[in-house]
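J.: Structure provided below as structure tokens; questions to follow.
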Amino acid sequence: MAEQKPGSFIHMEIASTDPQKTRQFFEEVFDWDFEFVPEMNYHTYSAPSGPGGGLMSPMENQSPGILNYLLSHDIDADVKKIEAAGGRVLQPKREIPGVGSWALFQEPTGIVMALFESKMPDLRERRRTRAAARRSSTRKVAKEKKQARSRRRRR
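Numbering-wise (the numbering used here), the sequence shown opens with residue 180 and increments by one.
Listed below in structure tokens is the structure:
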């Protein structure tokens, strides 16, 4: 897989008032693969061709919606560029232990987005590999159930 360039969409975070219902919807309609992270009360997901992201309940003072994350190789430098171009930093750089860093910004017309700088360059590839393994397992179980139904009908 080609390395993603800074400024690419890397992660989409969905804030839902009912994360379980949202999860079920995207699994059923679009075949997204989700994994629950209990210590964060957060669902990660993989979409068929990316980017993946997260699903959670809205934080305090946050409306339901989607927050897009852009890849950064240097958040500190990108924050300076954002401010020089008339943007505003809403959340300075924060560390996600063992994962990377993020910052929240608003561009001059009011659109809010985030930057993400990964400490794990192969994060997307690992997410895709996990998702493919889950899909394969799900298909295998479905095939076995279908074969069992077929055997029962022949009796």
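Glycine residues also receive a C-beta, built at the ideal position from the N, C-alpha and C atoms.
Should Gln199 be counted as a contact of the ligand ATP given a C-beta to heavy atom distance under 8 Å?
T.: In the structure shown, the ligand ATP is absent, as is every other ligand, since no ligand is present at all.
J.: Helix, strand or coil: how does DSSP classify Ile254 here?
T.: Taking the sequence shown and counting its residues from 1, one reaches residue 254 at position 75. Helix, per DSSP.
J.: Mind listing, in chain order, the continuous beta strand (DSSP E) runs of no fewer than 3 residues lying wholly within the stretch 212 to 248?
T.: Whole beta strand (DSSP E) segments, 3+ residues: 212 to 216, 221 to 225 and 232 to 235.
J.: Counting contacts by CB-CB distance shorter than 9 Å, is Ala194 in contact with chain B?
T.: Of the protein chains in this structure there is only one, and it is not chain B.
J.: Would you identify the three-state DSSP class for Gln199, choosing helix, strand or coil?
T.: Looking up residue 199 in the sequence shown gives position 20. Helix, per DSSP.
J.: State the CB to CB distance for the pair Ala194 and Pro243, rounded to an integer number of angstroms; the pair is presumed to be in contact (CB under 8 Å).
T.: Sequence index remark: in the sequence shown, residue 194 carries index 15 (1-based). Sequence index remark: in the sequence shown, residue 243 carries index 64 (1-based). Rounded, the Cβ-Cβ distance is 5 Å, consistent with contact.
J.: Can you tell me which of the three DSSP states Glu206 falls into?
T.: Here residue 206 corresponds to residue number 27 of the sequence shown, with the count starting at 1. DSSP places Glu206 in helix when its eight states are reduced to three.
J.: Would Pro276 pass as a contact of Val258 if the rule is Cβ separation under 9 Å?
T.: Taking the first residue of the sequence shown as position 1, residue 276 is located at position 97. Taking the first residue of the sequence shown as position 1, residue 258 is located at position 79. For Pro276 and Val258, no; Cβs fall outside 9 Å.
J.: Could you have a look at Ile290 and say whether DSSP puts it in helix, strand or coil?
T.: Counting from one through the sequence shown, the residue named residue 290 turns up at place 111. If DSSP states are grouped into helix, strand and coil, Ile290 belongs with coil.
J.: On the premise that Phe204 lies in contact with Leu250, defined as a C-beta separation below 8 Å, what is that separation, rounded to the nearest angstrom?
T.: Position 71 of the sequence shown, counted from the first residue, corresponds to residue 250. Position 25 of the sequence shown, counted from the first residue, corresponds to residue 204. Not really, about 27 Å apart at Cβ, beyond 8 Å.
J.: Quick check: Met299 and Leu246, are their CB atoms within less than 9 Å of each other?
T.: Working through the sequence shown from its first residue, we reach residue 299 at position 120. Working through the sequence shown from its first residue, we reach residue 246 at position 67. Not in contact: Met299 and Leu246 (Cβ atoms no closer than 9 Å).
J.: In three-state terms, what does DSSP make of Ala264?
T.: On the sequence shown, residue 264 is found 85 positions in, with the first residue counted as 1. Ala264 falls in the coil class under three-state DSSP.
J.: Candidates Phe188, Glu286, Arg267 and Gly266: which alpha carbon is nearest Ser228's?
T.: Here residue 228 is taken as the residue at index 49 of the sequence shown, counted from 1. Checked all of Phe188, Glu286, Arg267 and Gly266; the closest Cα to Ser228 is Phe188.
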